[in-house]
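Undergrad:
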Amino acid sequence: MSAETPNTPGTTTNEAGNPAVDGSELIKFDNVTKRFGSNVVLDNLCFDVASGKHVTLIGPSGSGKTTILRLLMTLVKPDEGTIKVAGDYLTHEDRGGKLVPASERYSREVRKNIGMVFQQFNLFPNMKVLRNITEAPVHVLGLQKDEAEQRARELLELVGLTEHIDKYPSQLSGGQQQRVAIARALAMRPQVLLLDEVTSALDPELVAGVLDVLRDIAHTTDITMLCVTHEMNFARDISDDVLMFDAGRVIESGAPEKIFSDPEHERTREFLSAVL
Amino acid sequence: MTWDWSAVGDFMPRFWDGVLVTLQALVLGSLIAFALGLVWALAQRSTLRVVRWPVTAVTEFIRNTPLLVQLFFLYFVLPEWNITFSALTTGIVGLGLHYSTYTAEVYRAGIDGVPEGQWEACTALSLPRTRVWGAVILPQAIRRVVPALGNYVIAMLKDSPMIATIGALELLGQARQFSAVTFQPTEPITVIGVAFILIAYPASLLMRALERRLVR
Numbered sequence: 484m485s486a487e488t489p490n491t492p493g494t495t496t497n498e499a500g501n502p503a504v505d506g507s508e509l510i511k512f513d514n515v516t517k518r519f520g521s522n523v524v525l526d527n528l529c530f531d532v533a534s535g536k537h538v539t540l541i542g543p544s545g546s547g548k549t550t551i552l553r554l555l556m557t558l559v560k561p562d563e564g565t566i567k568v569a570g571d572y573l574t575h576e577d578r579g580g581k582l583v584p585a586s587e588r589y590s591r592e593v594r595k596n597i598g599m600v601f602q603q604f605n606l607f608p609n610m611k612v613l614r615n616i617t618e619a620p621v622h623v624l625g626l627q628k629d630e631a632e633q634r635a636r637e638l639l640e641l642v643g644l645t646e647h648i649d650k651y652p653s654q655l656s657g658g659q660q661q662r663v664a665i666a667r668a669l670a671m672r673p674q675v676l677l678l679d680e681v682t683s684a685l686d687p688e689l690v691a692g693v694l695d696v697l698r699d700i701a702h703t704t705d706i707t708m709l710c711v712t713h714e715m716n717f718a719r720d721i722s723d724d725v726l727m728f729d730a731g732r733v734i735e736s737g738a739p740e741k742i743f744s745d746p747e748h749e750r751t752r753e754f755l756s757a758v759l
Numbered sequence: 015m016t017w018d019w020s021a022v023g024d025f026m027p028r029f030w031d032g033v034l035v036t037l038q039a040l041v042l043g044s045l046i047a048f049a050l051g052l053v054w055a056l057a058q059r060s061t062l063r064v065v066r067w068p069v070t071a072v073t074e075f076i077r078n079t080p081l082l083v084q085l086f087f088l089y090f091v092l093p094e095w096n097i098t099f100s101a102l103t104t105g106i107v108g109l110g111l112h113y114s115t116y117t118a119e120v121y122r123a124g125i126d127g128v129p130e131g132q133w134e135a136c137t138a139l140s141l142p143r144t145r146v147w148g149a150v151i152l153p154q155a156i157r158r159v160v161p162a163l164g165n166y167v168i169a170m171l172k173d174s175p176m177i178a179t180i181g182a183l184e185l186l187g188q189a190r191q192f193s194a195v196t197f198q199p200t201e202p203i204t205v206i207g208v209a210f211i212l213i214a215y216p217a218s219l220l221m222r223a224l225e226r227r228l229v230r
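Sequences listed follow chains A and B, in order. Under the numbering used here, think of the first position of the first sequence as 484, with each following residue one higher. Under the numbering used here, think of the first position of the second sequence as 15, with each following residue one higher.
Spelled out as structure tokens, the structure:
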């Protein structure tokens with residue numbers, strides 16, 4: 484996969500949840516099981532996400548949503564099953580028809596297609612905003628410094644933080660830090676953006692600013708999004724599909740209108756009435 | 015006992031020679047301790063057992079044997095294998111090696127103190143190992159351990175007279191030689207005692223200032 488994937492903010496898709504990309508399976512979970520000790524977090528999970536789709540994972544805490552994002556980012560490894568991203572195995576390598584655990588180097592290549600925004604931002608506190616964003620494009624994609632800085636400036640404009648370019652993360656509010664983190668992830672031009680409860684650590688008055696930026700990105704780019712959130716209105720706004728998790732399984736999935744207004748499963752109804 | 019200012023005056027040329035040697039031992043010894051300690055700390059986090067295990071064994075051994083014995087070993091035993099250094103070089107290497115096993119622990123604590131999220135962000139950005147360590151983890155780790163490293167510099171200053179025992183003429187060595195010739199131990203020993211305070215106390219003030227600046 485080329486590092487220069489055409490997911491530039493600014494390329495348009497229509498807003499009816501029908502992205503102007505080929506719609507092929509970009510992410511595929513095949514019988515993935517993940518246990519922590521004796522606790523089965525994901526149980527033979529199968530699902531796939533088409534390119535350009537925005538998928539929201541909802542469900543009670545401990546139901547395995549975040550684990551899915553962490554598996555995709557190779558922060559945890561599956562105990563069983565395989566994950567494919569853009570046709571390539573993520574945690575396995577195909578060596579002469581045999582699947583073997585992937586080398587760090589191989590995983591890193593596949594992972595370049597994936598960006599992640601964390602609940603706790605995880606900006607590098609020793610770098611100014613600009614370098615937080617340019618570090619990976621320069622040292623991973625091999626961009627020239629001025630090219631990377633140009634890209635960073637455009638992204639900072641997108642997230643509305645142009646004037647904070649020379650500040651350290653500790654000088655910014657949580658909401659501003661999270662928007663820098665979004666710019667940092669986008670600077671790699673990933674095909675997939677993973678959003679892990681990105682507003683959960685924010686003061687209530689800062690949530691809207693971050694969600695607005697994400698709505699903007701969802702509506703103006705063809706980036707594929709996997710989103711774990713408790714912000715149901717946001718989920719309804721941006722999602723093409725909603726997956727309802729319980730105890731490591733997808734118990735219900737469908738368009739947001741369907742899931743939020745007319746859920747079929749009793750557990751989904753209970754969950755939604757508790758959070759809405 | 016009388017205090018003889020003229021003896022102080024007579025001691026001064028030797029005193030300045032001694033200051034120079036003490037500071038040399040301190041600065042070079044610290045540099046060795048800082049650099050080597052980092053090597054130990056990184057080696058102990060290696061995924062390879064053949065690296066981790068010997069390094070742990072060697073550093074534990076050095077940390078748990080007396081500096082004086084190590085200095086004697088380096089100066090009197092190594093020449094048996096035709097490895098010979100001057101007294102000062104041996105002293106510097108001995109101090110640096112000994113203290114590197116302490117700074118290694120300091121670095122280790124600093125590295126362990128970097129939040130897990132920083133590693134995860136590095137993974138999410140696919141940063142290569144050299145950048146993960148060089149640009150993200152170590153700058154944060156070292157920043158928070160500068161005060162602890164500074165304390166070991168001061169401890170090393172106070173251990174530096176040990177190298178006099180192998181004949182490196184730092185402050186104590188000069189004072190003893192002077193008193194052996196003049197039979198006046200009071201003045202030179204007192205002078206170097208004061209000199210140690212004059213070096214150590216501002217140094218610890220500097221460390222405290224650094225600590226306020228760096229650790230937030």
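Where a beta carbon is used, it is the ideal one built from N, C-alpha and C, also for glycine. In this text the structure is predicted, and so the values were computed from the model without any measurement.
Buried or exposed, going by whether 16 or more other CB atoms sit within 10 Å of the CB of residue 227 of chain B?
TA: What you label residue 227 of chain B is simply residue 213 of the second sequence in a count that begins at 1. With fewer than 16 other Cβ atoms within 10 Å, it is exposed.
Undergrad: Per DSSP, residue 513 of chain A forms a beta bridge with which residues?
TA: As a position in the first sequence, residue 513 of chain A is number 30, starting the count at 1. BP columns for residue 513 of chain A point to A:565.
Undergrad: Over the uninterrupted alpha helix (DSSP H) stretch that includes residue 720 of chain A, give me the two end residues.
TA: Position 237 of the first sequence holds residue 720 of chain A. Element bounds for residue 720 of chain A: 715-721.
Undergrad: State the Cα-Cα distance for the pair residue 104 of chain B and residue 85 of chain B, rounded to the nearest angstrom.
TA: The sequence position of residue 104 of chain B within the second sequence is 90, counting from 1. The sequence position of residue 85 of chain B within the second sequence is 71, counting from 1. Going from the Cα of residue 104 of chain B to the Cα of residue 85 of chain B covers about 7 angstroms.
Undergrad: Can you grab the Cα-Cα spacing for the pair residue 41 of chain B / residue 175 of chain B, in whole Å?
TA: On the second sequence, residue 41 of chain B is found 27 positions in, with the first residue counted as 1. On the second sequence, residue 175 of chain B is found 161 positions in, with the first residue counted as 1. The straight-line gap from Cα to Cα measures roughly 14 angstroms.
Undergrad: When DSSP builds the beta bridges, which residues end up paired with residue 112 of chain B?
TA: Numbered from its first residue, the second sequence carries residue 112 of chain B at position 98. In the DSSP output, where bridge partners are listed per residue, residue 112 of chain B has none listed.
Undergrad: Which one of B:148, B:138, B:219, B:214 has the shortest CA to CA distance from residue 673 of chain A?
TA: On the first sequence, residue 673 of chain A is found 190 positions in, with the first residue counted as 1. Of B:148, B:138, B:219, B:214, the residue nearest in Cα terms is B:138.
Undergrad: Could you name the residues of the same chain whose beta carbon sits closer than 6 angstroms to that of residue 56 of chain B, not counting the 5 residues immediately before and after it, in chain order?
TA: What you label residue 56 of chain B is simply residue 42 of the second sequence in a count that begins at 1. Excluding sequence neighbours, residue 56 of chain B sits near nothing in its chain.
Undergrad: Can you give me the C-alpha to C-alpha distance between residue 549 of chain A and residue 531 of chain A, rounded to a whole angstrom?
TA: Working through the first sequence from its first residue, we reach residue 549 of chain A at position 66. Working through the first sequence from its first residue, we reach residue 531 of chain A at position 48. Distance between the alpha carbons of residue 549 of chain A and residue 531 of chain A is about 16 angstroms.
Undergrad: Run the CB neighbour count on residue 547 of chain A, radius 10 Å, all protein chains shown included, and call it buried at 16 or more, exposed below.
TA: Locating residue 547 of chain A in the first sequence gives position 64, counting from the first residue. Residue 547 of chain A comes out buried.
Undergrad: Can you find a CB in chain A that lies within less than 8 angstroms of the CB of residue 212 of chain B?
TA: By 1-based counting over the second sequence, the position of residue 212 of chain B is 198. So, not an interface residue.
Undergrad: Under 6 angstroms Cβ to Cβ from residue 528 of chain A, same chain only, skipping five residues before and after it: list those, please.
TA: As a first step, residue 528 of chain A is located in the first sequence; it is residue number 45 there, counting from the start. Correct list, in chain order: 512, 515.
Undergrad: Using a Cβ cut-off of 9 angstroms, which residues of the segment 557-574 of chain A contact any Cβ in chain B, in chain order?
TA: Of all residues in the segment 557-574 of chain A, 557, 558 have a Cβ within less than 9 angstroms of some Cβ in chain B.
Undergrad: How would you label residue 52 of chain B, buried or exposed, when you count the other beta carbons within 10 angstroms and need 16 or more for buried?
TA: If you number the second sequence from 1, residue 52 of chain B lands on position 38. Label assigned to residue 52 of chain B: buried.
Undergrad: Give the secondary structure of residue 504 of chain A by DSSP, where H, G and I count as helix, E and B as strand, and everything else as coil.
TA: Stepping through the first sequence from its first residue, residue 504 of chain A is reached at position 21. Per-residue confidence for residue 504 of chain A stands at a pLDDT of 45, beneath the threshold of 50, marking its modelled position as unreliable; no derived number is given.
Undergrad: Which residues, taken in chain order from the segment 137-164 of chain B, show a beta carbon closer than 9 angstroms to some beta carbon of chain A?
TA: Flagged, chain order: 137, 138, 139, 140, 141, 142, 143, 144, 145, 149, 150, 153, 154, 157.
Undergrad: Run through chain B and tell me which residues come within less than 7 angstroms of residue 594 of chain A, C-beta to C-beta.
TA: On the first sequence, residue 594 of chain A is found 111 positions in, with the first residue counted as 1. What residue 594 of chain A touches in chain B: 140.
Undergrad: Taking C-beta to C-beta, are residue 128 of chain B and residue 155 of chain B nearer than 8 angstroms?
TA: Counting from one through the second sequence, the residue named residue 128 of chain B turns up at place 114. Counting from one through the second sequence, the residue named residue 155 of chain B turns up at place 141. Contact: yes.
Undergrad: Can you give me the Cβ contacts of residue 445 of chain A inside the same chain, cut-off strictly under 7 angstroms, excluding the 5 residues immediately before and after it?
TA: Residue 445 of chain A lies beyond the range of chain A shown here (484 to 759); nothing can be said about it.
Undergrad: Return the residues of the segment 29-45 of chain B that lie within a Cβ-Cβ distance of less than 9 angstroms from chain A, sorted by chain order.
TA: Listed by position, the residues of the segment 29-45 of chain B near chain A (Cβ gap below 9 angstroms) amount to none.
Undergrad: Excluding the 5 residues preceding and the 5 following residue 668 of chain A in the sequence, name in chain order all residues of the same chain whose CB lies nearer than 7 angstroms to its CB.
TA: What you label residue 668 of chain A is simply residue 185 of the first sequence in a count that begins at 1. So the qualifying residues of the chain are 598, 599, 600, 676.
Undergrad: Do you know offhand how far residue 701 of chain A's Cα is from residue 537 of chain A's?
TA: To locate residue 701 of chain A, count along the first sequence from 1; it is residue 218. To locate residue 537 of chain A, count along the first sequence from 1; it is residue 54. Straight-line Cα distance between these residues: approximately 7 angstroms.
Undergrad: Quick check for students: name the residue ranges of the alpha helix (DSSP H) that lie wholly in the segment 598-639 of chain A, counting only runs of 4 or more.
TA: Runs found: 612-622.
Undergrad: Kindly list the residues whose CB is nearer than 8 angstroms to the CB of residue 575 of chain A, restricted to its own chain and excluding five residues on each side of it in sequence; keep chain order.
TA: Walking along the first sequence from the start, residue 575 of chain A turns up at place 92. Result list for residue 575 of chain A: 565, 582, 583, 584, 585, in chain order.
Undergrad: For the segment 41-70 of chain B, which residues have a CB atom closer than 8 angstroms to at least one CB atom of chain A, in sequence order?
TA: Listed by position along the chain: nothing, the set is empty.
Undergrad: Answer with buried or exposed for residue 758 of chain A, where buried requires no fewer than 16 other C-beta atoms within 10 angstroms of its C-beta.
TA: Sequence index remark: in the first sequence, residue 758 of chain A carries index 275 (1-based). With fewer than 16 other Cβ atoms within 10 Å, it is exposed.
Undergrad: So that I know if they touch, is there some Cβ in chain A lying closer than 8 angstroms to that of residue 131 of chain B?
TA: Stepping through the second sequence from its first residue, residue 131 of chain B is reached at position 117. It does: the Cβ of residue 131 of chain B has a partner Cβ on chain A nearer than 8 angstroms.
Undergrad: Give me the Cα-Cα distance between residue 35 of chain B and residue 217 of chain B, rounded to the nearest whole angstrom.
TA: As a position in the second sequence, residue 35 of chain B is number 21, starting the count at 1. As a position in the second sequence, residue 217 of chain B is number 203, starting the count at 1. Each residue's Cα considered, the two are about 17 angstroms apart.
Undergrad: For residue 98 of chain B, which residues of its own chain have a beta-carbon under 8 angstroms away from its beta-carbon, when the five flanking residues on both sides are left out?
TA: Within the second sequence, the letter at position 84 stands for residue 98 of chain B. Cβ neighbours of residue 98 of chain B beyond the five flanking positions: 92.
Undergrad: Between the segment 140-151 of chain B and the segment 617-633 of chain A, do three or more beta carbon pairs fall short of 8 angstroms?
TA: A contact exists between the segment 140-151 of chain B and the segment 617-633 of chain A.
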